[in-house]
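Visitor: This is the structure I have questions about; it appears just below.
2 protein chains.
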Amino acid sequence: MTPVERAQMAMMLEVTAYPKPGNVDRCHDYKRTRLEHFLASAILARPALEKAAGGEGGLGEVLRESVRLTTVHGGGNTHFGAFILLIPLLRGGGIDGAIRAVESSTVDDALDFYRAFSLVKVRMLPGDPLDVSDPRALDTIREGGMTLLDVMAHSKEHDMVAREWVNGFALTRKAVGLLHGAGCGREGVVETFLRLLAAETDTFIVKEHGPAVAGEVRRRAGEILSGSGDLAAFDAECIARGINPGSTADIIIAAIFIALGEGWEWDCSRKE
Amino acid sequence: MTPVERAQMAMMLEVTAYPKPGNVDRCHDYKRTRLEHFLASAILARPALEKAAGGEGGLGEVLRESVRLTTVHGGGNTHFGAFILLIPLLRGGGIDGAIRAVESSTVDDALDFYRAFSLVKVRMLPGDPLDVSDPRALDTIREGGMTLLDVMAHSKEHDMVAREWVNGFALTRKAVGLLHGAGCGREGVVETFLRLLAAETDTFIVKEHGPAVAGEVRRRAGEILSGSGDLAAFDAECIARGINPGSTADIIIAAIFIALGEGWEWDCSRKE
């Protein structure tokens, strides 16, 4: 498998794994965003993933390209967070290279990243001087000479995906370890998803529902892992309440991408 | 969307559409062949699809390449029949060009096609002089100077996919018309699937279960379309009995590929 194919496989394997509390999966759609939208994005993102792997274009430019290619459908944003991780990982050929790649990011990368936001609706904190819906944000970036890494550092407190850029992809590393421990295929993905959800507050849930709900999700995921909670019921409740651990899913995609390159087996039927 | 992306989207949209009687779909796996295997094949087939579209290599060689790329997993044959249709359609840039492409097929294409069979288990009629498990079949092809089109003509009575090569892609054309009539998205794919299943005997079912069962499937599909049958119950029964209209699915993939190029809308949420 080429690195680009591994990235596409990671996007496919994450979204088809089930049951996953709250997210689109094999058995659940959102009203406007369906399984097919996620799978179409995995197919259609390829030219941007190729550029990332091939060293063509800046990180911000490639990120904008990936968002442009995958917002041609009516399903809205499917993989913005995943691309923020996959593109440096592809560019660097792994986590160590990705750390070097994000450290080399430029002000132009930051400007391209902000232009990518105009293609999708991404929830931001109110009053943020780098609010993407505020046209002055581009001036703030230019005047401050902020690189894309600086922008991610600015968001690290309230965005676990941005935080990966400044903490050496710590959660991605952690999820890779969980995945190797959890074993092959969709069952391994689901177990990793639950373990990460129990251990780390999903910042997407915090933005959408506040910290109390995010804490409740952590606790409930832990209960399922300890055998005292029911996964199917929790999944149904999350779907009904619109609770979507989207940032955890982004980390899982990055982790599957890395783990596939380290021999993690996506296909349990090969082991039978 | 490029033609290659349309082919990948067609493979994805066919397998995720549900409920489809008997086949792997979003809600059903076979024991060894799961949804992920079909989606992995759609991702991993790309280099062969690119060769088909780019005019690189003979039809048989590209077909063998497509099978080689998609049998790396443990799920077995997922798309052999679909590739038999998609590869000439990509090579010819549509149905008219595909007819010219298959008419230009050679003895080498036929030999490569037979070599592709060794990579998968495909059911043949017993006693067939072109039985793929018989090493003398290659001699029969060489001595008879049979092109790949001749091989398909030999199989046309008992294989509706091979028949497409010799009848001007008649069922593909029919399914394209049905798809345009049925409307957008997965509901359109399911309706087209049922209409084709009710109108045409699936030759894969004939090979696996005999003509009586194939006839029963046609009749039951017709009952569902007329409102007197229950789709979910029929689907469950087909899965339980191992009845798999696999050749109909191959035709549907080819039809989605063509229809996408003619403006058929895969994404109903764009119309809302």
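First to last, the sequence lines map onto chains A and B. Residue numbers for the first sequence follow my numbering, so the first one is 32 and each next one is one higher. Residue numbers for the second sequence follow my numbering, so the first one is 32 and each next one is one higher. Idealized CB from N, CA, C, for every residue including glycine.
1) Where Met40 (chain A) and Ala286 (chain A) are concerned, what is the direct C-alpha to C-alpha distance, given to the nearest angstrom?
2) Tell me, to the nearest whole angstrom, how far the beta carbon of Ile126 (chain B) is from that of Leu117 (chain B); I am working on the premise that it is less than 8 Å.
3) Given Ala84 (chain A), which residues of its chain have a CB within under 6 Å of its CB, disregarding the five upstream and five downstream residues?
4) Could you confirm whether any beta carbon from chain B is found closer than 8 Å to the beta carbon of Leu70 (chain A)?
5) Hey, out of A:Ala76, A:Gly91, A:Ile270 and A:Ile282, whose CA is closest to Val133 (chain A)'s CA?
6) Need the endpoints of the alpha helix (DSSP H) that Trp305 (chain B) sits in, please.
7) So for His59 (chain B), helix, strand or coil by DSSP?
8) What do you get for Gly294 (chain B), buried or exposed, if any count of 16 or more other CB atoms within 10 angstroms of its CB means buried?
9) Between Thr102 (chain A) and chain B, is the shortest Cβ-Cβ distance under 8 Å, so that the two count as touching?
10) When we look at the beta-carbon of Ala252 (chain A) and count the other beta-carbons within 10 Å, is it buried (16 or more) or exposed?
11) Whole angstroms is fine: what's the gap from Thr101 (chain A)'s alpha carbon to Leu75 (chain A)'s?
12) What are the start and end residues of the alpha helix (DSSP H) that includes Val220 (chain B)?
13) Compute the beta-carbon to beta-carbon distance between Ser136 (chain A) and Leu179 (chain A), rounded to the nearest angstrom, for a pair I have assumed lies under 8 Å.
14) Ser300 (chain B) versus chain A: which residues are under 9 Å apart at the beta carbon?
15) Can you pull out the residues from the segment 33-46 of chain A whose beta carbon lies closer than 7 Å to at least one beta carbon of chain B?
16) Express the C-alpha separation of Ala264 (chain B) and Gly216 (chain A) in angstroms, rounding to a whole number.
17) Determine, using beta-carbon pairs with one atom in the segment 205-214 of chain A and one in the segment 179-195 of chain A, whether at least three such pairs fall under 8 Å.
18) What in chain B is Cβ-close to Cys215 (chain A), meaning under 8 Å?
19) Can you confirm whether Leu80 (chain B), when its beta carbon is compared against all beta carbons of chain A, has any partner nearer than 8 Å?
20) Establish whether the CB of Leu291 (chain A) and some CB of chain B are separated by less than 8 Å.
21) Using a beta-carbon distance below 8 Å, is Ile74 (chain A) in contact with chain B?
22) So is Arg204 (chain B) in contact with chain D if we call contact Cβ pairs under 8 Å?
23) I want to verify the contact list: residues of chain A whose CB lies under 7 Å from the CB of Arg99 (chain B), in sequence order.
24) Determine the extent of the alpha helix (DSSP H) in which Leu44 (chain B) is found, giving its start and end residues.
25) Would Val93 (chain A) and Ala79 (chain A) be called neighbours here (beta carbons separated by less than 8 Å)?
Guide: Once the coordinates are examined:
1) In the first sequence, counting from the first residue as 1, residue 40 (chain A) sits at position 9. In the first sequence, counting from the first residue as 1, residue 286 (chain A) sits at position 255. Going from the Cα of Met40 (chain A) to the Cα of Ala286 (chain A) covers about 12 Å.
2) Taking the second sequence and counting its residues from 1, one reaches residue 126 (chain B) at position 95. Taking the second sequence and counting its residues from 1, one reaches residue 117 (chain B) at position 86. Their Cβ separation, rounded to whole angstroms, is 12 Å, which puts Ile126 (chain B) and Leu117 (chain B) out of contact at 8 Å.
3) Indexing the first sequence from 1 puts residue 84 (chain A) at position 53. Contacts found: Pro34, Val35 and Leu121.
4) Stepping through the first sequence from its first residue, residue 70 (chain A) is reached at position 39. Yes, its Cβ sits closer than 8 Å to a Cβ of chain B.
5) Mapped onto the first sequence, residue 133 (chain A) falls at position 102. Comparing Cα-Cα distances from Val133 (chain A) to each of A:Ala76, A:Gly91, A:Ile270 and A:Ile282, the minimum goes to A:Gly91.
6) Summary: the structure shown does not reach residue 305 (chain B), with chain B confined to residues 32 through 303, and so no result is reported for it.
7) Your numbering for residue 59 (chain B) matches position 28 in the second sequence. In this structure, His59 (chain B) counts as strand in the three-state DSSP scheme.
8) Here residue 294 (chain B) refers to the residue found at position 263 of the second sequence. When all chains shown are included, Gly294 (chain B) counts as exposed.
9) Position 71 of the first sequence holds residue 102 (chain A). No, Thr102 (chain A) does not count as interfacial toward chain B.
10) Here residue 252 (chain A) refers to the residue found at position 221 of the first sequence. Per the 10 Å Cβ criterion, buried.
11) Residue numbering aside, residue 101 (chain A) sits at position 70 when the first sequence is read from its first letter. Residue numbering aside, residue 75 (chain A) sits at position 44 when the first sequence is read from its first letter. Going from the Cα of Thr101 (chain A) to the Cα of Leu75 (chain A) covers about 6 Å.
12) Counting from 1 along the second sequence, the entry for residue 220 (chain B) is found at position 189. Gly216 to Ala230 is the extent of the alpha helix (DSSP H) around Val220 (chain B).
13) Taking the first sequence and counting its residues from 1, one reaches residue 136 (chain A) at position 105. Taking the first sequence and counting its residues from 1, one reaches residue 179 (chain A) at position 148. Confirmed, about 4 Å.
14) The residue you call residue 300 (chain B) lines up with position 269 of the second sequence. Neighbours of Ser300 (chain B) on chain A, chain order: Lys62, Arg63, Thr64, Arg65, His68, His104, Gly105, Gly106 and Gly107.
15) Glu36, Gln39, Met40, Met43 and Leu44
16) Taking the first sequence and counting its residues from 1, the one referred to as residue 216 (chain A) is at position 185. Taking the second sequence and counting its residues from 1, the one referred to as residue 264 (chain B) is at position 233. Near 29 Å, if we compare the C-alpha coordinates of Ala264 (chain B) and Gly216 (chain A).
17) no
18) Taking the first sequence and counting its residues from 1, the one referred to as residue 215 (chain A) is at position 184. Correct list: empty, because the minimum Cβ distance to chain B is about 10 Å.
19) Looking up residue 80 (chain B) in the second sequence gives position 49. Output row for Leu80 (chain B): interface = no.
20) Numbered from 1 along the first sequence, position 260 holds the residue referred to as residue 291 (chain A). So no, Leu291 (chain A) is outside the interface.
21) Taking the first residue of the first sequence as position 1, residue 74 (chain A) is located at position 43. Closer than 8 Å: yes.
22) Among the chains of the structure shown, chain D does not appear; the protein chains present are A and B.
23) In the second sequence, the residue the question calls residue 99 (chain B) occupies position 68. What Arg99 (chain B) touches in chain A: nothing, since even the nearest Cβ is about 14 Å away.
24) Here residue 44 (chain B) refers to the residue found at position 13 when the second sequence is read from its first residue. Its alpha helix (DSSP H) spans residues Pro34 to Thr47.
25) Numbered from 1 along the first sequence, position 62 holds the residue referred to as residue 93 (chain A). Numbered from 1 along the first sequence, position 48 holds the residue referred to as residue 79 (chain A). Contact flag set, yes.
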